[in-house]
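A quick write-up on the structure given underneath.
There are 2 protein chains.
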Amino acid sequence: MNKNRIAVTASDVARSAQVSRSAVSRAFTPGASISRERRHHILQVANQLGYRPNALARSLVNSKKGRHSGLVAVVMGEFDNPFQPYFFAQLTQALQAEGRVPMLIMPDQNGQLDDALDRLIAYQVDAAIIAAGSLSPEATEAFLALHIPTVLLGREARQTPVPAILTDNRAVGRLAADYLIQQGCQAPAYIAGRKDGQASQERQQGFLAALHTAGITPAVVLQNTDYSHDAGFASAQTLLQYHPGVDGVFCACDALAMGALAAFRLASIAVPDSVRLIGCDNVPQAESAGVQLTTIAQPVEALVATALQALNQSIRGEVVELSQRLAPAFVLRET
Amino acid sequence: MNKNRIAVTASDVARSAQVSRSAVSRAFTPGASISRERRHHILQVANQLGYRPNALARSLVNSKKGRHSGLVAVVMGEFDNPFQPYFFAQLTQALQAEGRVPMLIMPDQNGQLDDALDRLIAYQVDAAIIAAGSLSPEATEAFLALHIPTVLLGREARQTPVPAILTDNRAVGRLAADYLIQQGCQAPAYIAGRKDGQASQERQQGFLAALHTAGITPAVVLQNTDYSHDAGFASAQTLLQYHPGVDGVFCACDALAMGALAAFRLASIAVPDSVRLIGCDNVPQAESAGVQLTTIAQPVEALVATALQALNQSIRGEVVELSQRLAPAFVLRET
DNA sequence: TTGAAAGCGATACCAG
DNA sequence: CTGGTATCGCTTTCAA
Numbered sequence: 083m084n085k086n087r088i089a090v091t092a093s094d095v096a097r098s099a100q101v102s103r104s105a106v107s108r109a110f111t112p113g114a115s116i117s118r119e120r121r122h123h124i125l126q127v128a129n130q131l132g133y134r135p136n137a138l139a140r141s142l143v144n145s146k147k148g149r150h151s152g153l154v155a156v157v158m159g160e161f162d163n164p165f166q167p168y169f170f171a172q173l174t175q176a177l178q179a180e181g182r183v184p185m186l187i188m189p190d191q192n193g194q195l196d197d198a199l200d201r202l203i204a205y206q207v208d209a210a211i212i213a214a215g216s217l218s219p220e221a222t223e224a225f226l227a228l229h230i231p232t233v234l235l236g237r238e239a240r241q242t243p244v245p246a247i248l249t250d251n252r253a254v255g256r257l258a259a260d261y262l263i264q265q266g267c268q269a270p271a272y273i274a275g276r277k278d279g280q281a282s283q284e285r286q287q288g289f290l291a292a293l294h295t296a297g298i299t300p301a302v303v304l305q306n307t308d309y310s311h312d313a314g315f316a317s318a319q320t321l322l323q324y325h326p327g328v329d330g331v332f333c334a335c336d337a338l339a340m341g342a343l344a345a346f347r348l349a350s351i352a353v354p355d356s357v358r359l360i361g362c363d364n365v366p367q368a369e370s371a372g373v374q375l376t377t378i379a380q381p382v383e384a385l386v387a388t389a390l391q392a393l394n395q396s397i398r399g400e401v402v403e404l405s406q407r408l409a410p411a412f413v414l415r416e417t
Numbered sequence: 083m084n085k086n087r088i089a090v091t092a093s094d095v096a097r098s099a100q101v102s103r104s105a106v107s108r109a110f111t112p113g114a115s116i117s118r119e120r121r122h123h124i125l126q127v128a129n130q131l132g133y134r135p136n137a138l139a140r141s142l143v144n145s146k147k148g149r150h151s152g153l154v155a156v157v158m159g160e161f162d163n164p165f166q167p168y169f170f171a172q173l174t175q176a177l178q179a180e181g182r183v184p185m186l187i188m189p190d191q192n193g194q195l196d197d198a199l200d201r202l203i204a205y206q207v208d209a210a211i212i213a214a215g216s217l218s219p220e221a222t223e224a225f226l227a228l229h230i231p232t233v234l235l236g237r238e239a240r241q242t243p244v245p246a247i248l249t250d251n252r253a254v255g256r257l258a259a260d261y262l263i264q265q266g267c268q269a270p271a272y273i274a275g276r277k278d279g280q281a282s283q284e285r286q287q288g289f290l291a292a293l294h295t296a297g298i299t300p301a302v303v304l305q306n307t308d309y310s311h312d313a314g315f316a317s318a319q320t321l322l323q324y325h326p327g328v329d330g331v332f333c334a335c336d337a338l339a340m341g342a343l344a345a346f347r348l349a350s351i352a353v354p355d356s357v358r359l360i361g362c363d364n365v366p367q368a369e370s371a372g373v374q375l376t377t378i379a380q381p382v383e384a385l386v387a388t389a390l391q392a393l394n395q396s397i398r399g400e401v402v403e404l405s406q407r408l409a410p411a412f413v414l415r416e417t
């Protein structure tokens, strides 16, 4: 059964409405010179025939003249940390609300883009949003060499100057420290993420600096190789075994914190009574019954809105501020 | 700073390589009549110039002649259940590996597609994969009316006959029942998802049928309004309060099961010693330290592979089997 | 095997 | 305001 997928074209509409192709085009172009009645009539006929302007053909015309395809590449690497799908969904919906079409590109396990780059060029995307922490620096630079308007989300470029939107991670660390200090912690620990993770590093810096200012010496900093629940679990067990004096724990992300929480519960350590715990991100799961994790929220809505704003500026060829750091927010949860 | 985004065209390459545009096109068309050396030369020049055929223009030409754009619409509604992003990532990578470009479409909160439908037509997608359980029946039918080759993933259409790939959910229920029976449970309970959720219903049917065959009367079936961690938590608390005799619990998905697990732990009920617990999906988190959830795995790889196969058949205009049910697998975890 | 030329569907310029 | 026409980048007959 070969479905009759012959698309309705402007010519079909023109013929049916007894007007020229130009008229049809104008009817679909806001603010074009065409009489009200004519436009109304054409739109009506078009609607009956089920006509939609072919976006491919449209952007073909506009290509050299600097108009746009409506396609935006979203480069996103992983969906295993709960923050990522949450963020991704917000971003996608925002793009969609702007009438843009997100094309998803996932780097492979080595953080390479391979032929995905080719596809970006091939499809003439208007712009790209790179939200993949796992994208290798080389791949990132290769990408930026395409000179497609690009915005980095949650990371910065090492060499090329590109607009980047991030949470103010040092402020995250400071807020976490403030909480633990205010709760009277004397021996706080930091459960870090990847050693080369920019976010984890910055949060650590802010955290340690604030502790230092308050005259508190951190008990220990535990590095991990990822931002997972399992790593948090293992780190908490390490704390219990080797650093039993720890009375406050800040984790580089909520997944780590929820893993740590599981380990504490398993060991019958009361949170927050025996040990204070604070995460970062404010993923939806942090609010779950039986979790109720105190955390530092990333300003997701603001991040998305700012990213789109930067993207639009960049597409229009305007100058965009290079690094924008948005303020996080403390979220207290106690049950 | 207006970046010089003038794309390199086939004419540019032709000029530079001293050949005709046709030759350039042929060089990039597998199996076209062109000499080896000529193609080699052209490809080399093209590479130097950074030329990539414009996919938009290409599919414009091919549009009427039945060729393809390479674009595939992926309709996905929610990312809040951990199974969804996990599945989505697999699907996206598989599409990418086939050289296809996934365009993401998210229905709004009411399960409507609105102008996303228009965009699908406008961009001439080759096909669509609907993996959104939340897509309203009306929107689904409206979508199918477009006669774009479509495959449903994890759900079926009510009216229109469309290929659907699903896990054999009744088998899921039977496997869960087998486990609880084999563990000696006498009063098993089912924690369901949404009342109108096809998967939840079918799992329940398989579960109850297998129990019945074994001569076991289920203690209770608890309905929920979603598939969330919170719902699982609340349901488990209900069990503890009103059905203390329950010695085995099957949950419609892992998120529910992990919520239930949290509730049991909070009440110091040992799992699996005091009560057996089994989920469904086998999300990555089910394997986490401190969780180790016994579950029925959805055959994700097979689902994705089968879906792509069906999609390709559908694009080629071949007849596709309507409902394909893939076998789930029991995953025992005990720590 | 090759190049010239005719479109694909839509837009924008140009006269009228 | 309107219709004709060139053009966008590419593929594909059609002759040579």
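Those protein sequences? They're chains E and L, same order as listed. Under our numbering, residues 83 to 417 are what the first sequence spells out, in order. Under our numbering, residues 83 to 417 are what the second sequence spells out, in order. Beta carbons: idealized from backbone N, C-alpha and C, even for Gly. Quantities reported herein were computed from a predicted structural model and do not represent experimental measurements.
Residue nearest to residue i in terms of C-alpha spacing, selected from the options
i	options	result
alanine 409 of chain L	L:Gln374, L:Ala316, L:Arg256, L:Ala271	L:Arg256
alanine 411 of chain L	L:Val154, L:Leu385, L:Val373	L:Leu385
alanine 209 of chain E	E:Leu186, E:Ser310, E:Gln287	E:Leu186
alanine 155 of chain L	L:Leu173, L:Pro167, L:Leu293	L:Leu173
aspartate 162 of chain E	E:Thr111, E:His150, E:Ala214	E:Ala214
arginine 140 of chain E	L:Ser405, L:Ala271, L:Val101, L:Arg201	L:Arg201
alanine 371 of chain E	L:Gly341, L:Ala392, L:Ile397, L:Arg358	L:Gly341
proline 243 of chain E	E:Phe110, E:Gly297, E:Leu404	E:Leu404
glutamine 280 of chain L	L:Ala198, L:Glu238, L:Gln268, L:Gln319	L:Glu238
alanine 318 of chain E	E:Ala271, E:Gln265, E:Val101	E:Ala271
Nonlocal neighbours in the same chain, by C-beta distance under 8 Å from residue i, ignoring five residues either side
i	result
tyrosine 192 of chain L	Reading the sequence as shown, one finds asparagine at residue 192 of chain L and not tyrosine. So the list reads Ser218, once near-sequence residues are dropped.
aspartate 336 of chain L	Pro164, Phe165, Gly361, Cys362, Asp363, Asn364, Val365, Gln367, Ala368, Leu375, Thr377
serine 216 of chain L	Gly159, Glu160, Pro189, Gly193
glutamine 178 of chain L	Pro184
leucine 393 of chain E	Val154, Ala209, Ile211, Pro231, Val233
histidine 150 of chain E	Ser141, Asn144, Asp208, Ile397
Exposure of residue i, with buried meaning 16 or more beta-carbon neighbours within 10 Å
i	result
tyrosine 324 of chain L	exposed
isoleucine 273 of chain E	buried
histidine 311 of chain L	buried
valine 402 of chain E	buried
glutamate 284 of chain L	buried
alanine 349 of chain E	exposed
serine 282 of chain L	buried
Residues of its chain near residue i, where Cβ-Cβ distance is below 6 Å and the 5 sequence neighbours each way are ignored
i	result
phenylalanine 165 of chain L	Asp363, Val365
alanine 114 of chain E	Arg108
asparagine 84 of chain E	Residue confidence for asparagine 84 of chain E is low, a pLDDT of 37 falling below 50, so the modelled location carries little weight and cannot support an answer.
arginine 182 of chain L	Gly152, Val154
leucine 262 of chain E	Pro270, Gly330, Arg358
Below-7 Å beta-carbon distance, residue i vs any chain L residue
i	result
arginine 379 of chain E	According to the sequence shown, residue 379 of chain E is alanine rather than arginine. Judged by the 7 Å Cβ criterion, alanine 379 of chain E is not in contact with chain L.
leucine 404 of chain E	no
histidine 150 of chain E	no
phenylalanine 161 of chain E	yes
alanine 128 of chain E	no
serine 218 of chain E	no
serine 141 of chain E	yes
aspartate 200 of chain E	yes
leucine 138 of chain E	yes
glycine 236 of chain E	no
Residue-chain proximity (residue i, chain E), Cβ-Cβ < 7 Å
i	result
alanine 204 of chain L	yes
leucine 375 of chain L	no
valine 183 of chain L	yes
aspartate 355 of chain L	no
alanine 276 of chain L	Just to set this straight, residue 276 of chain L is arginine in the shown sequence, not alanine. For arginine 276 of chain L, the answer is no, since every Cβ of chain E falls outside 7 Å of its Cβ.
arginine 134 of chain L	yes
aspartate 312 of chain L	yes
phenylalanine 315 of chain L	yes
leucine 186 of chain L	yes
Other residues of its chain near residue i: CB distance less than 7 Å, five sequence neighbours each side excluded
i	result
aspartate 260 of chain E	Ala292
arginine 103 of chain L	Ala92, Ser93, Ala96
aspartate 278 of chain L	none
Practice task
For the region 242-259 of chain L, enumerate the residues whose C-beta is nearer than 9 Å to any C-beta of chain E, in chain order.
Solution key: none
Handout entry: Residues within the region 163-183 of chain L neighbouring chain E, beta-carbon criterion of under 8 Å
Key = Pro164, Gln166, Pro167, Tyr168, Phe170, Ala171, Thr174, Gln175, Gln178, Gly181, Val183
Handout entry: Where the region 89-111 of chain E meets chain L: residues whose CB sits under 7 Å from a CB there
Key = Ala89
Exercise for the section: Would you list, in chain order, the members of the region 338-350 of chain E that have their beta-carbon closer than 8 Å to a beta-carbon of chain L? Expected result: Gly341, Ala344, Ala345, Arg347, Leu348
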